[in-house]
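Read through the structure below, which is laid out as structure tokens, and then see the notes.
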Amino acid sequence: RFLILAREPIISGTDRPYKTSIVFTLEEGPGVLFKALAVFALREINLTKIESRPQKKRPLRVVDDSNKGSAKYFDYLFYIDFEASMADPRAQYALEHLQEFAGFIRVLGCYPMDTNL
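Numbering (UniProt numbering), first residue to last: 1 to 117.
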């Protein structure tokens, strides 16, 4: 892979297959990861990679509840690659919908898929 940096976003076309890479965090709540991934499924966007990593700034959170004791859980960053260009309205609508569940979203890049390996 190669990296291209630009001050302004470069919008890719829809003339050939593209992949887009994003990273996001999720708000707390039951089924939030399911809802976040469903925004792609509802638009028939194929996910090619899903990876989660604990956040470095707050990797472990402890909750003290007098009735249930203390609970420990991690705050995660989710990295996803999906098969769509950012010029594709399905991808744009999916990311708009994802904002309902995400505390943070960043598009890392959009690049042509190499279909001739």
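Virtual Cβ for every residue (Gly too), placed ideally from N, Cα, C.
Considering only C-alpha positions, which residue in the set the options is nearest to residue i?
| i | options | result |
| --- | --- | --- |
| Q92 | R43, E51, E27 | R43 |
| L47 | A87, K19, M86 | K19 |
| A108 | R7, L77, V23 | Before going further, note that residue 108 is Leu rather than Ala in the sequence given. Out of R7, L77, V23, V23 has the C-alpha closest to the C-alpha of L108. |
| I105 | A38, I80, A87 | I80 |
| F78 | A41, V39, A87, K49 | K49 |
| E28 | D75, D15, P17, R7 | D75 |
| A102 | T25, C110, D15, S21 | T25 |
| E51 | V39, S21, P30 | S21 |
| P17 | V32, E83, A36 | E83 |
| A94 | G31, V32, V39, R7 | V39 |
Applying the 10 Å Cβ sphere with the 16-neighbour rule, what's the burial state of residue i?
| i | result |
| --- | --- |
| F34 | exposed |
| S85 | buried |
| A41 | exposed |
| D114 | exposed |
| D15 | exposed |
Validate contact between the region 95 to 103 and the region 45 to 58 using beta carbons, cut 8 Å, 3 pairs | no
Which whole runs of the alpha helix (DSSP H) in the UniProt domain "ACT" (21 to 112) are 4 residues long or more, in chain order?
-> 32 to 41, 89 to 98
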